[in-house]
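Chains as they are written, first to last, in my numbering: chain R, 1041 to 1294; chain E, 6 to 433. Note that beta-carbon positions come from the ideal geometry of N, C-alpha and C, so glycine has one too. Beneath this line is the structure, given in C-alpha cells, with notes to follow.
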Amino acid sequence: MKYLGITLERPKIGVFDFTGCEGCQLQIANKEEDLKDLFDLVEIVNFREISSDRREDYEIAFIDGCITTDSEVARLKKIRKQAGILVAMGACACLGGVNNLRSRFSLSDVIREVYDRHHINTGPVRKVADVVHVDIELPGCPISKPEFEWLVRHLVLGIEPQFPKYPVCVECKQRLNSCVLDMGLMCLGPVTRAGCNAVCPRNRLGCWGCRGPSEEANFESLIEILREKGFTEEHIAERVKFFNAFSGVLNSDR
Amino acid sequence: MTVKTVKSLNIDIKHLSRVEGHGDIRIRVEDGKLAECTWAVVETPRFFEVMFKGLSIEMAPILAARICGICSISHALASARAIERALKIEIPGPASMIRLLAKHAETLQSHSLHLFFLVAPDFLNVPSMIPIMHTNPQVAETAVKIKWFANRAADLLVGRSTHPIGIKIGGLTQIPRKMQLKELAKDLDATIPYLWKTLDLFKGFKMPDFVRETELVSLRGVNRYPFIGGDLISSDGVRKEEDEYRSMTNEYIVDFSNSKLTRLSRESFAVGALARFNNNYDLLHPKAKEAAEGLNLRPGVHNPYFYNLAQLVECFHVMYESKELLLELIDLDTSKFSIHYKVRRCEGIGAVEAPRGILYHYHRISDEGKIEKADCVIPTNQNNGNIYYDLHKLVNELIVQGMEGKEIERLSQMLVRAYDPCISCSVH
C-alpha cells in the first residue's frame, strides 16, 4: 500500500475486551463514513465483537475494559507477549473508570449485594497498566471516534502520537461555547486533558473528567472556584472521583 | 428408512463471536443422547447495583449509561424515568418527544449493527462485515448509510450515541434548534430508501426452520408501539403494572452463568423485538406492517431466528415514526425542556423497551437525594433462560435429523446471535 508516495505495511490489529461495556469498541464499528478506509489501512485479525476470524499474529493490541479476574490477567499477559504495541483504550482500561465506584465497599459486601451467597469469580478493579506495560493510553468514556482514527493513522505511519497536553477548557473556548461553570454547572474542564472537543460542555453538561488530568493542572485553583460557587465538598469529591481520574487531588485523599 | 442420529459430538465454543460480551456454547452428545448443552454467560460482573449506592441522583442516569456501550440511551432513560416517577415529576412535552426520538435512534443503530455486522455474515458465508465491503459494496453502503443516520440523530438529540450527554433528571440539558431538526428530517428522508434495500436483502436470507413456543413479555403500548413506560404484558395473558416488575421477572441464580435468569408462567420467557412485535402488532406503523408482510412475518411466530426479521420491521417503525415526531416538534414551542425538582425520600421504577427487550431500573432515594438502593433487570438477563431451552430443543432435533457437527455448531451460534444478546449488560 502506498500513501503520499511512501510504501506502508498494513499493521495487523487485534481488539480485545475485558470487564467493561464494550462501548469503546463500538466507537470503532461506528466510524461509518470512513470505516472502509480504516479497515483498508490496517488488517483486523482479531476483533471478536464483529468478526469470527481469530488470528494470533496481531502486532497492535487495543484493550477495552478493566481487569477484575485472574483469568483476565493471564489473557492480558498473553496478549502483551504477542503485541508489539499495546493500547489501553477508554477510561476503564486507562483508569479503571466507573468500576472503581465499587471499591468504596469490601469485595465480600459487593458480591453479597448482587449475588447473595452465590460464588462469583471476581477481584479488585485494576487498570491495564496495573497488570502489564502499556505503550499508549487512548482516553475517554467512551473514546472519541476522530481521536481513534487519528491514533491509527499515526501508528500506520510510525509516528509517535502527541496527545494534547492542555485542558478541555481550551477546546471549549475554541468552539465558542458558553461557559457552563458561569452557568452554574460543575465542570472539570479546566483540569481535564483535551482531545474530546469539549463534547460534554458543548451539550450543556459540565466535564466529568473521563480523560484524566491535563498537564500542570491547577486543581487547587479549580476547587477554590467550585467552593466559591457554592458547591459542597461532598459534591466536588463525588464528581472528581467518578472516573477515578484524579486520585490524590482532594485533601480528604491525602 | 435409516435414521442417522448423531452418535457423539463435542462442541466447545469459547467467547462466541459477533455478539456483545462473553458467552460460551458447550454441546456434548454421547451415545446419541444430549449429555450437555449450555449457554454459559462467563462475562465478569461489574456490580453496578453497588456502584450506584450513595451517589447523588443527578449522577444516576450518567452512571446507568455506562452499563452498556450499545444501549446506553435506554439505560440513561430507564434510570432517569425511575427517579422522575419516584419524585412524581412530569417532564415537559418536547423533552419526552426528544427522548423518544433518541430512543428510536438507538433502536435503529443497535438493530442495524446487529443485522448487518453480526447476522448478515452468517447468510453471506463470511466471517465478518469486513470482506463484504469489497465483495458486496452495495450491502456495506446500505449498512453505513443507516448507521450513519442513526448516530447522527443521537448526536444531535442527546449529544452522543454511546453514553448520551443530554438526558438529565427533569428533562434535557438542551434542545436542538428548529433548523437542526429540519436538517435531520431531510437526512431521514434520504435514508429511507436504504431501509427498503435492507428489506430486499433480508427477503433473500432464509431463516432456519425451528420453533419452540414460549411466553413473550413486553411493554404494552397505549396508542403508540411501546418504548418508554407502560404496562407489562405476556403472551400467556399476564398483565401487570410497571411497578410490579419484580413479580414479572422473578430473577434467580444458576451455577453455570454469571447472568441471573428469569421466569414467569413457564420455565423461561423471551423479550425483545419478536415479543414486542407479537404483543403490539396492532400499533406498528403502516409502513412497518408493509415491511412485515414483505418478509412473511405475522404475529404469533415463535421461531427465534425471526428476531432478525422483527428487528428489521422495527427499523421501519422507528424511522417512519421519527419523521412524524420531527415534523410535530418543528411546529411546537420547544422553549421548555426541563423542570426543577425537589428531592425527598422515595422510590421508583422505570421500564423502557431497550433494543433487546424490557429494561428495568429501580432506585430508592434518601431525603438528601442520594441513591440508597438500585436494581437493574436487563433484557438479555430475561432472554438467557429462553436461549438455554431453545438450544436444547434445537440440538436435540438436529441430532435426530443426523445433522453434521459443523452444521449443528453453525445453527447453534446463529440461534444465540438471533437474540442479539448484550452480555456485558446482562451481567452488569
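Original post:
Are there 16 or more other CB atoms within 10 angstroms of the CB of T267 of chain E, so buried, or fewer, so exposed?
Top reply: Label assigned to T267 of chain E: buried.
Original post:
Cβ of K152 of chain E less than 8 Å from any chain R Cβ?
Top reply: It does; some Cβ of chain R falls within 8 Å.
Original post:
Y365 of chain E by DSSP, collapsed to three states: which one?
Top reply: The answer is strand: DSSP assigns Y365 of chain E an E or B state.
Original post:
Given that a residue counts as buried once 16 or more other Cβ atoms are within 10 Å of its Cβ, and exposed if not, what is G305 of chain E?
Top reply: Answer is exposed; the Cβ neighbour count stays below 16.
Subject >> Inter-residue Cα distance where the pair is C1134 of chain R and T49 of chain E >> reply: Distance between the alpha carbons of C1134 of chain R and T49 of chain E is about 18 Å.
**OP:** Can you have a look at L127 of chain E and say buried or exposed, based on whether 16 or more other CB atoms are within 10 angstroms of its CB?
**Re:** As written in the sequence, residue 127 of chain E is Asp, which differs from the Leu given in the question. Buried is the call here.
**OP:** Please classify S252 of chain E: is it buried, with 16 or more other beta-carbons within 10 angstroms of its beta-carbon, or exposed?
**Re:** Exposed.
Subject >> The beta strand (DSSP E) enclosing G28 of chain E, as first and last residue numbers >> reply: 28 to 35 is the span of the beta strand (DSSP E), which, as asked, contains G28 of chain E.
Subject >> Through-space distance from Q179 of chain E to K411 of chain E, alpha-carbon basis >> reply: Roughly 53 Å between the two C-alpha positions.
**OP:** Drop a sphere of 10 angstroms on the beta-carbon of E246 of chain E, count the other beta-carbons inside from all chains shown, and report buried for 16 or more, exposed for fewer.
**Re:** It counts as exposed.
**OP:** State the Cα-Cα distance for the pair E377 of chain E and G59 of chain E, rounded to the nearest angstrom.
**Re:** Roughly 6 Å separates the two Cα atoms.
Original post:
Where does E1211 of chain R land, buried or exposed, given buried means 16+ other C-beta within 10 angstroms?
Top reply: Around the beta carbon of E1211 of chain R, 16 or more other beta carbons lie within 10 angstroms, which makes this residue buried.
Subject >> Given 8 Å, three or more beta-carbon pairs between the segment 195 to 210 of chain E and the segment 351 to 358 of chain E >> reply: With the cut-off at 8 Å, the segment 195 to 210 of chain E and the segment 351 to 358 of chain E do not touch.
Original post:
Going along chain B, which residues have a C-beta under 7 Å from D1170 of chain R?
Top reply: Among the protein chains of the structure shown, namely R and E, there is no chain B.
Original post:
Given a threshold of 16 other Cβ atoms within 10 Å of its Cβ, counted over all protein chains shown, does N130 of chain E qualify as buried or as exposed?
Top reply: If you draw a 10 Å sphere on the C-beta of N130 of chain E, you find fewer than 16 other C-beta atoms in it, and that means exposed.
Original post:
Cβ of G1180 of chain R within 8 Å of Cβ of P1207 of chain R?
Top reply: No, the pair does not count as a contact, with Cβ atoms beyond the cut-off.
Original post:
What residue does the alpha helix (DSSP H) around M324 of chain E start on, and which one ends it?
Top reply: Segment 312 to 335, the alpha helix (DSSP H) holding M324 of chain E.
Original post:
Would you say K1076 of chain R faces chain E, with C-beta separation under 8 Å as the test?
Top reply: Chain E, which has a Cβ nearer than 8 Å to the Cβ of K1076 of chain R, makes this yes.
**OP:** Report the residue from E:I363, E:S429, E:K265 whose alpha carbon sits nearest the alpha carbon of Y250 of chain E.
**Re:** Nearest C-alpha to Y250 of chain E: E:I363.
**OP:** With DSSP collapsed to three states, give me the class of I1053 of chain R.
**Re:** In the structure shown, I1053 of chain R sits in a strand (DSSP, three-state: E or B).
**OP:** Starting from K3 of chain E, trace the beta strand (DSSP E) both ways and give me its first and last residue.
**Re:** Because residue 3 of chain E is not part of the residues shown, which for chain E are 6 to 433, the question remains open.
**OP:** Go through the segment 1193 to 1276 of chain R residue by residue and report every complete run of the alpha helix (DSSP H) that reaches 4 residues or more, in order.
**Re:** Taken in chain order, the whole alpha helix (DSSP H) runs of length 4 or more contained in the segment 1193 to 1276 of chain R are 1208 to 1214, 1239 to 1242, 1259 to 1268.
Original post:
In three-state terms, what does DSSP make of R1144 of chain R?
Top reply: R1144 of chain R sits in a helix when the DSSP states are folded into three classes.
Original post:
Would you say H1158 of chain R reaches chain E, if we count a Cβ-Cβ gap shorter than 8 Å as a contact?
Top reply: Chain E, which has a Cβ nearer than 8 Å to the Cβ of H1158 of chain R, makes this yes.
Original post:
Going by beta carbon distance, what residues of the same chain come within less than 7 Å of T112 of chain E, once the five residues before and after it are set aside?
Top reply: Here the set comprises E319, V323, P360.
**OP:** Assign R157 of chain E to one of three DSSP states: helix, strand, or coil.
**Re:** Helix, per DSSP.
**OP:** Say whether the segment 365 to 380 of chain E touches the segment 14 to 26 of chain E, bearing in mind that this needs 3 or more beta-carbon pairs closer than 8 Å, one atom from each stretch.
**Re:** No, because fewer than three Cβ pairs between the segment 365 to 380 of chain E and the segment 14 to 26 of chain E fall closer than 8 Å, the two stretches do not touch.
Subject >> I96 of chain E vs G209 of chain E beta-carbon contact at 8 Å >> reply: Against a cut-off of 8 Å, the Cβ pair of G209 of chain E and I96 of chain E comes out as no contact.
Original post:
Can you find a C-beta in chain R that's less than 8 Å from the C-beta of C320 of chain E?
Top reply: Not an interface residue.
**OP:** Put R182 of chain E into one of helix, strand or coil per three-state DSSP.
**Re:** Look at R182 of chain E here: in three-state DSSP terms it is coil, with no helix or strand label.
Subject >> Proximal residues, the segment 1093 to 1119 of chain R versus chain E, C-beta separation under 8 Å >> reply: The residues in question are D1093, R1094, T1108, T1109, E1112.
Subject >> Contacts of V55 of chain E in chain R (Cβ-Cβ under 7 Å) >> reply: What V55 of chain E touches in chain R: R1142, F1145, V1150, E1153, V1154.
Subject >> Counted within 10 angstroms of its Cβ, other Cβ atoms place K1118 of chain R as buried (16 or more) or exposed >> reply: Result: exposed.
Original post:
Nearest CA to the CA of F261 of chain E: which residue from E:A100, E:T43, E:V34, E:P231?
Top reply: Residue E:T43 is the option with its Cα nearest to F261 of chain E.
Subject >> Test item: CB-CB of V34 of chain E and I404 of chain E under 8 Å >> reply: Taking 8 Å as the Cβ cut-off, V34 of chain E and I404 of chain E qualify as a contacting pair.
Subject >> Under 8 Å by beta carbon: chain R residues contacting V450 of chain E >> reply: With chain E running from 6 to 433 in the structure shown, residue 450 of chain E is simply not present.
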